[in-house]
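Residue numbers (my numbering), protein chains in the order written: chain A, 1 to 216; chain B, 217 to 432. Built from N, CA and C at the ideal position, the CB exists for glycine as well.
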DNA sequence: CTTTGTGAAATCCTTCACAGCG
DNA sequence: CGCTGTGAAGGATTTCACAAAG
């Protein structure tokens, strides 16, 4: 049950299951069937079972999955044990939104440092976090053992920030700048580009309005 | 050449091609080969050619694709002709970031209305945009022909906002609340959940640090 | 009798490899 | 020649369908 290579598509759904499980636990539910999970997650039950089978976690036939057990199993697989320190770079509107977003904290992430290039912002705070100068970026990453960086800078600075954090030991980057980052293969990058998302939506929106009616 | 069902995976890459094309045009480049496009987009050239073949746009053998022509072709397929009015709901830090994000405007989107439930925010402005009360949401959508809504409200209000905009005629929703929205099949929803993204990153970050070295 | 876990079929996506156009 | 367009091969993912466990 060890060493199955969890498929990418499955990894992308694990946070969704986790979300459903946490909500179920809040309500006091102790077990969920694959069908319950599927309905709540908007999937079908076969997919849920296949996904969970990769984790090596076994449900109970005739009953379902134990919420507590599955929660901790998924958390473990995702590496959400303990707090993971994160640095946010670029404290504009978006960076500020991210810094005060409690969804990070509620999952296992801790905003450990904020940096910005603007001297007028350095020394001010967002919530309880102090904004530090970008010149200290490498040092902060090293000193605080940060391995995940969020880039919310203007796109023209995204690459140089990426270079700096990678050089200091970061191995995962969440990039909000609309640019392709060039990084070593050992570093994982996920880019969230808002205008890309809107353009994809636009395509499907157009389909929906061109055809009279058709849906799945 | 009409009526090929453009695959989902291809649609997701079209904005990327568009981005590369716009940058190329800025520098005065008039043609790009599939290999040039692939390098700039971080893909391989076969994929680029396959993708573009679905559009019915033909390049020139021995030369490549005409930048201007391909740009307008992709824009058309994505439905980016003319301005598309968008409403942003929930003007917290994130909503404010979105409202002032010029990436929307630079592509074919126009922020046409902002709404918030907080009476203290209603009547104030973000840039040139006035914040209106959520009670006017349906009316605004109808009057201004809005078909795309961005939801940046707290998650407990996301569903009711979705219901309201769908009822008023919106057919595409970009959802930043960490909730699954229940909508009719004719409405397209894309959810961007920041903590989901971080959790996926966490998985790969963990892999990278557990293994000594392995990358593609 | 309910629900899991999983081979096998079906579908979707990517990559290969090359014929053929400019 | 160089580069597109595309059948065909190869992978990955989803769905089916059912045997076996509780």
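Residue 299 of chain B: not part of any beta strand (DSSP E); DSSP gives it neither H nor E. The C-beta of residue 343 of chain B comes no closer than 8 Å to any C-beta of chain A. When Cβ-Cβ separations below 8 Å define contact, residue 93 of chain A makes contact with chain B. In this structure, residue 41 of chain A places its C-beta atom within 8 Å of the C-beta atom of residue 17 of chain A. As the crow flies, the alpha-carbon of residue 110 of chain A is around 7 Å from that of residue 104 of chain A.
Boundaries of the beta strand (DSSP E) harbouring residue 406 of chain B: 404-407, taken from the DSSP string.
A Cβ-Cβ distance of about 37 Å is found for the pair residue 283 of chain B and residue 305 of chain B, leaving them out of contact under the 8 Å criterion. Residue-level contact by beta carbon fails for residue 301 of chain B and chain A, as no gap is shorter than 8 Å. Counting other Cβ atoms within 10 Å of its Cβ, residue 351 of chain B stays below 16 and is therefore classed as exposed.
Judged by pairs of C-beta atoms under 8 Å, the region 70-83 of chain A does not touch the region 94-103 of chain A, as fewer than three such pairs exist.
Within the region 322-376 of chain B, the runs of alpha helix (DSSP H) at least 4 residues long that lie entirely inside it are, in chain order, 353-359. Around the beta carbon of residue 302 of chain B, a 10 Å sphere encloses 16 or more other beta carbons of the protein chains shown; the residue is thus reported as buried. The C-beta distance from residue 77 of chain A to residue 14 of chain A rounds to 7 Å, short enough to meet the 8 Å contact threshold. Between residue 178 of chain A and chain B, the shortest Cβ-Cβ separation is below 8 Å. The DSSP-derived three-state label of residue 99 of chain A is helix. For the pair residue 181 of chain A and residue 159 of chain A, the CB atoms are nearer than the 8 Å cut-off. With contacts defined as CB atoms closer than 8 Å, residue 149 of chain A and residue 170 of chain A qualify as a contacting pair. With respect to residue 108 of chain A, residue 80 of chain A sits close: the two C-beta atoms are nearer than 8 Å.
Residue pairing for residue 276 of chain B: DSSP places it in a beta bridge opposite B/280. Excluding residues up to 5 positions away in sequence, 283 lie with their Cβ nearer than 6 Å to the Cβ of residue 241 of chain B in the same chain.
For residue 19 of chain A, the closest Cβ of chain B is nearer than 8 Å. With contacts defined as CB atoms closer than 8 Å, residue 155 of chain A and residue 179 of chain A qualify as a contacting pair. The contact set of residue 97 of chain A on chain B, defined by CB atoms closer than 8 Å, consists of 308, 309, 310, 312 and 313 in chain order. Neighbours of residue 206 of chain A in chain B, taken as residues whose beta carbon is under 7 Å from its own, are 295 in chain order. Cβ neighbours of residue 245 of chain B within its own chain (closer than 7 Å, five residues either side excluded): 283. Within the same chain, 301 come within 7 Å of residue 361 of chain B by CB-CB distance, once the 5 residues on both sides are set aside.
The residue from A/112, A/176, A/172 and A/21 with its alpha-carbon nearest to that of residue 195 of chain A is A/176.
Taking 8 Å as the CB threshold, residue 103 of chain A lines the interface with chain B.
Residue 304 of chain B is bridged by DSSP to B/330 and B/366. Flagged as an interface residue toward chain B: residue 186 of chain A, by a C-beta distance shorter than 8 Å. Residue 27 of chain A is classed as exposed because its beta carbon has fewer than 16 other beta carbons within 10 Å across all chains shown.
In the structure shown, the three-state DSSP call for residue 259 of chain B is coil. The C-beta of residue 202 of chain A comes closer than 8 Å to at least one C-beta of chain B. Under the DSSP definition of a beta bridge, residue 309 of chain B lacks any partner.
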